Each structure stands twice: as C-alpha cells, then as structure tokens.
Amino acid sequence: MRLPYGDSEGGRVSEQAFLEVERLAVKLSRRHGQLRFLGMLAATVQGGVWELARLTGRSPDDIAAEHTGFCSDRGFREWMAEVMRTPPGAAWSPPPADAPLAPAMALVHLHVTVCLALCRETD
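Position one of the sequence shown corresponds to residue 1 (the UniProt record's numbering), numbered consecutively onward.
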C-alpha cells in the first residue's frame, strides 16, 4: 500500500520528496528504536488532533475517522484511530504485526493531514 500524497493546493508532491520522507523515517526508527520513534510521532499527531478538536468542537473520534480513510485495512485503520483519540502522552496499543505499511509512515501521513486541517481552521 502506498500513501496518497499531495500538497494543500491539491497538487502532487514529487515522488522524490515522498521517498526522502520514507528514508528519514527508517533512519530515525533505527536510531531511536521503532517503538520509541512511533511514540514521538504519536505524541505529535495526538497534540494536533486534540488541538483540532478544541478549535472545531469535533471529537477526536470524528477527526480520526476522517483522516484514516486512506487505509483499506480495518485493523490498521483502528490502530491509527486509537492513537489519534488517545490524549497526548497516554498509552496506546502497538501497531498490528501485519500492518500493510510502515506504522511510522502512517503516522507521518496523519501528522501532515492534521497539520493541513489545522492550517485551514486557523486561516
């Protein structure tokens, strides 16, 4: 499975930029350990989700449902939603062992889409 990628204007991001993000995620996972790196990414995503919830009055569950739809794998989508609705710093389950894409890349994707949503809300 590949993540959809595009910029906030609906344009395409270069494949090279996308591959560079993948390379960096692998490097950071090795440097910090996969679960620790996932924890750092999750905390960033969670902070954005909870700020978006505060600004919009929507629940973290609603925001998670909107942002995890890119993934067709139900178990992985549920894991991403769990991470998103968990308050920053709180514990969440480890990703499924048979995840269809690297959990770090999924969290990076969620971080970007949540940041874009925050930008739209604050403009």
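Using N, Cα and C, we set each Cβ at its ideal position, and we do this for glycine too. As the structure is a prediction and not an experimental result, all values here were calculated from the model.
Determine whether the beta carbon atoms of residue i and residue j lie at a separation below 8 angstroms.
i	j	result
Leu101	Leu38	no
Thr86	Trp92	yes
Ala25	Met105	yes
Val83	Val45	yes
Leu28	Glu121	no
Leu35	Pro94	yes
Taking residue i as the reference, give the member of the options with the closest Cα.
i	options	result
Cys119	Gly48, Pro88, Arg74, Val83	Gly48
Pro96	Arg74, Ala117, His111, Gly89	Arg74
Arg110	Ala90, Ile63, Asp123	A small correction: the amino acid at residue 110 is Leu; Arg does not occupy that position in the sequence shown. Checking every option, the nearest Cα to that of Leu110 belongs to Ile63.
Pro103	Thr68, Gly57, Ser59	Thr68
Asp61	Cys71, Trp50, Asp123	Trp50
Ala90	Met40, Arg31, Glu20, Gly33	Met40
Ala117	Arg30, Cys71, Arg23, Arg54	Arg54
Measure how close the beta-carbons of residue i and residue j come, nearest whole angstrom, since I'm counting them as under 8 angstroms.
i	j	result
Ala81	Ala99	About 14 angstroms separates the two Cβ atoms, so there is no contact after all.
Exercise. Mind pulling the alpha helix (DSSP H) runs of 4 or more residues that sit fully within the stretch 24 to 63?
Worked result: As far as the stretch 24 to 63 is concerned, its whole alpha helix (DSSP H) runs of at least 4 residues are 34 to 56.
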